[in-house]
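Residue numbers (our numbering): 2 to 395. For glycine and all other residues, C-beta sits at the position ideal for the given N, C-alpha and C.
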Ligand SMILES: Nc1ncnc2c1ncn2[C@@H]1O[C@H](COP(=O)(O)OP(=O)(O)OP(=O)(O)O)[C@@H](O)[C@H]1O
Ligand SMILES: [Mg+2]
């Protein structure tokens, strides 16, 4: 019923929770082979054996987290000898906080906040597993957030060597890596004990995206809210972004826009307006997980690029403009130090982290009059970076 007016207390959402990112869908389609591989890997744990380690790899929004959550739901229900721990490495970015999460999952409460060493936490985890004869499977979700300062190596090493330091413990790891083009090389001492089964999560095809989004809309909205034509527009945008998350966010934001207009159905304009926000989802999520110093570096780079870009528009060539958006490491550090008061060691570590998250390119070396110098550039559009930062203060 396009054009019909919504009363102030009416809504288009029949089940709003279906559009939240942590929702685990009842119908999880097109991922049968990945789910079979996951079950194959964890099955030894059902017979009291150490499970195989697994690495789930694929671009954002391809169902990696959902597949592991589904497998964990089944284990929690049917495998009393197994304890699962799903850890979000974006929220817990150090070995200490990750093991605190695992401790909490096992013992039921967080370890005391101060004065407890890492070793003590590991001792307690191992003791709990051995005494209760349980096998632990840890999912390290978005493990790329641990690639700075070798934290991923430290975490994997501690988990996978636990049976040597604490005899009798059986722990398996499922690492989830969001981005198949990330080339992180694990430390050799970790590589030799991790040896994971790799499960690939390819992007969904257009038809698959349409099926999933249509299903979600049917369950989540009232009838008549989303027409086939408008659904196609949403699928086009989702396919362009290559991320199903964007599509689900588009459904939610478009419906909110329609409600704002007091309309009972979503229009193409509602979708177009929503896409401005939805397409930045991934970038916003990454930026939101950064510390204030790292955000300061991005903000300086972006603001300088915008300023230089505006100068460049006064008649200079396109090629020149691209070069102008880079900063030398020295210049950037001076501005960083002025705004944060932090020193070079911290700055260097932060640059490294931003580079491993592929937010910046920090490997550009140029020959200049003063010899070689390192140049830093954003890997995203500077306007988008500033836009994605807006919800938090710069
Ligand atoms: N096959 C599917 N059927 C139904 N919903 C799906 C399917 N795959 C993914 N989803 C939904 O898409 C959203 C993103 O999926 P998920 O979080 O599992 O992706 P991901 O691969 O872990 O992404 P990221 O790398 O960004 O963490 C979730 O809301 C999930 O419910
Ligand atoms: Mg995920």
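Report the three-state DSSP secondary structure of residue 143 (helix, strand or coil).
As a working mapping, residue 143 is identified with position 142 in the chain shown. Residue state, collapsed to three classes: coil.
Return the first residue and the last residue of the alpha helix (DSSP H) that residue 339 is part of.
As a working mapping, residue 339 is identified with position 338 in the chain shown. Here the alpha helix (DSSP H) through residue 339 covers 330-341.
Identify which residue in 196, 245, 340, 247 has its Cα closest to the Cα of residue 53.
Taking the first residue of the chain shown as 1, we reach residue 53 at position 52. When only C-alpha atoms are compared, the closest one is 196.
With DSSP as the reference, label residue 316 as helix, strand or coil.
Mapped onto the chain shown, residue 316 falls at position 315. Confidence is the limiting factor: at residue 316 the pLDDT is only 47, short of 50, which leaves the residue's position unreliable and the question unanswerable from this model.
May I ask you to report which of helix, strand or coil DSSP gives residue 230?
By one-based count along the chain shown, residue 230 stands at place 229. Residue 230: helix per DSSP, three-state reduction.
For residue 42, name the three-state secondary structure that DSSP assigns.
Position 41 of the chain shown, counted from the start, is the residue given in the question as residue 42. Three-state DSSP puts residue 42 in a helix.
Can you list the residues near ligand 2, meaning Cβ strictly closer than 7 Å to any non-hydrogen atom, in the order they appear in the chain?
65, 66, 142, 143, 177, 179
At a cut of 8 Å, does the region 207-220 reach the region 231-251 through at least three beta carbon pairs?
yes
Runs of alpha helix (DSSP H) wholly within the region 45-90 (minimum 4 residues, chain order)
65-79
Closest to residue 379 by C-alpha separation, out of 339, 300, 282, 331, would be which residue?
For the purposes of this step, residue 379 is taken as the residue at position 378 of the chain shown. For residue 379, the nearest C-alpha among the options comes from 300.
Compare the Cα-Cα distances from residue 187 to each of 174, 179, 148, 161 and report the closest residue.
Within the chain shown, numbered from 1, the residue matching residue 187 stands at position 186. Residue 187 has its Cα closest to that of 148, out of 174, 179, 148, 161.
Can you give the beta carbon distance from residue 174 to residue 201, rounded, assuming they're within the 8 Å contact cut?
In the chain shown, residue 174 corresponds to position 173, counting from 1. In the chain shown, residue 201 corresponds to position 200, counting from 1. Contact flag wrong, Cβ pair sits at about 18 Å.
Residue 141 to residue 56 span [Cα, whole Å]:
Stepping through the chain shown from its first residue, residue 141 is reached at position 140. Stepping through the chain shown from its first residue, residue 56 is reached at position 55. About 10 Å.
Evaluate residue 98 with the Cβ neighbour count: other Cβ atoms within 10 Å of its Cβ, from every protein chain shown; 16 or more gives buried, anything less gives exposed.
Looking up residue 98 in the chain shown gives position 97. Per the 10 Å Cβ criterion, exposed.
Please work out which residues of its chain come closer than 6 Å, Cβ to Cβ, to residue 167, disregarding the five sequence neighbours upstream and downstream, and give them in chain order.
Reading the chain shown from its first residue, position 166 is the one you call residue 167. Here the set comprises 127.
Just tell me which of 285, 297, 270, 46 has its CA closest to the CA of residue 72.
Here residue 72 is taken as the residue at index 71 of the chain shown, counted from 1. Of the candidates 285, 297, 270, 46, the one whose C-alpha sits nearest the C-alpha of residue 72 is 46.
Close beta carbons around residue 475, own chain, < 8 Å, minus the five adjacent residues each side:
Residue numbering for the chain in the displayed model covers 2 to 395; residue 475 lies beyond these limits and cannot be assessed.
Determine, using beta carbons only, whether residue 136 and residue 59 come nearer to each other than 8 Å.
Indexing the chain shown from 1 puts residue 136 at position 135. Indexing the chain shown from 1 puts residue 59 at position 58. No. Outside cutoff.
Between the CA atoms of residue 249 and residue 216 - distance to the nearest angstrom
Your numbering for residue 216 matches position 215 in the chain shown. Your numbering for residue 249 matches position 248 in the chain shown. Their Cα atoms are separated by approximately 11 Å.
Cβ shell of residue 1 (< 6 Å), same chain only, five flanking positions each side left out:
Since the first residue shown for the chain is 2 and the last is 395, residue 1 is missing from the structure and cannot be characterised.
With a threshold of 7 Å on Cβ separation, who are the neighbours of residue 243 within its own chain once the five nearest residues in sequence on each side are excluded?
Position 242 of the chain shown, counted from the start, is the residue given in the question as residue 243. Closer than 7 Å at the Cβ level, and outside the excluded window around residue 243, lie 60, 204.
With DSSP run on the structure shown, which of helix, strand or coil describes residue 96?
Position 95 of the chain shown, counted from the start, is the residue given in the question as residue 96. Helix, per DSSP.
Say whether the region 221-228 touches the region 5-17, bearing in mind that this needs 3 or more beta-carbon pairs closer than 8 Å, one atom from each stretch.
yes
Which class does residue 357 belong to by DSSP, given the choice of helix, strand or coil?
Here residue 357 is taken as the residue at index 356 of the chain shown, counted from 1. Residue 357 falls in the helix class under three-state DSSP.
In this structure, what does DSSP give as the bridge partners for residue 378?
Taking the chain shown and counting its residues from 1, the one referred to as residue 378 is at position 377. BP columns for residue 378 point to 362.
Using a Cβ distance threshold of 8 Å, determine whether the region 245-265 contacts the region 277-289, with at least three qualifying pairs required.
yes
Using C-beta distances below 7 Å, list every residue in its chain close to residue 75, excluding the 5 sequence neighbours before and after it, in chain order.
Numbered from its first residue, the chain shown carries residue 75 at position 74. Answer for residue 75: no residue qualifies.
Which residues bound the alpha helix (DSSP H) around residue 122?
Within the chain shown, numbered from 1, the residue matching residue 122 stands at position 121. From DSSP, the alpha helix (DSSP H) with residue 122 extends over 119-132.
Taking C-beta to C-beta, are residue 206 and residue 284 nearer than 8 Å?
Mapped onto the chain shown, residue 206 falls at position 205. Mapped onto the chain shown, residue 284 falls at position 283. No, they are not a contact pair.
With which residues is residue 191 paired in a DSSP beta bridge?
For the purposes of this step, residue 191 is taken as the residue at position 190 of the chain shown. DSSP output for residue 191 lists no bridge partner at all.
If you draw a straight line from the alpha carbon of residue 321 to that of residue 288, how long is it in whole angstroms?
Residue mapping note: residue 321 aligns to position 320 of the chain shown, counting from 1. Residue mapping note: residue 288 aligns to position 287 of the chain shown, counting from 1. Residue placement at residue 321 cannot be trusted, given a pLDDT of 42 that sits under 50; what the coordinates show is reported in the next sentence. Near 28 Å, if we compare the C-alpha coordinates of residue 288 and residue 321.
Hey, residue 251 and residue 272 are a contact pair by Cβ (cut 8 Å); roughly how many whole angstroms apart?
Within the chain shown, residue 251 is the residue found at index 250, counting from 1. Within the chain shown, residue 272 is the residue found at index 271, counting from 1. Indeed, because the Cβ distance is near 6 Å, the residues count as touching under 8 Å.
Nearest by alpha-carbon distance to residue 348: which of 306, 293, 24, 233 is it?
Your numbering for residue 348 matches position 347 in the chain shown. With distances taken between Cα atoms, residue 348 lies closest to 293.
Mind pulling the alpha helix (DSSP H) runs of 4 or more residues that sit fully within the region 268-315?
269-279, 282-289, 293-313
Within 7 Å: the Cβ of residue 213 and any heavy atom of ligand 1?
By one-based count along the chain shown, residue 213 stands at place 212. Indeed, a heavy atom of ligand 1 lies less than 7 Å from the Cβ.
Is residue 203 near ligand 1, judged by its Cβ being under 7 Å from some heavy atom?
Here residue 203 refers to the residue found at position 202 of the chain shown. Every heavy atom of ligand 1 is 7 Å or more from the Cβ of residue 203, so no.
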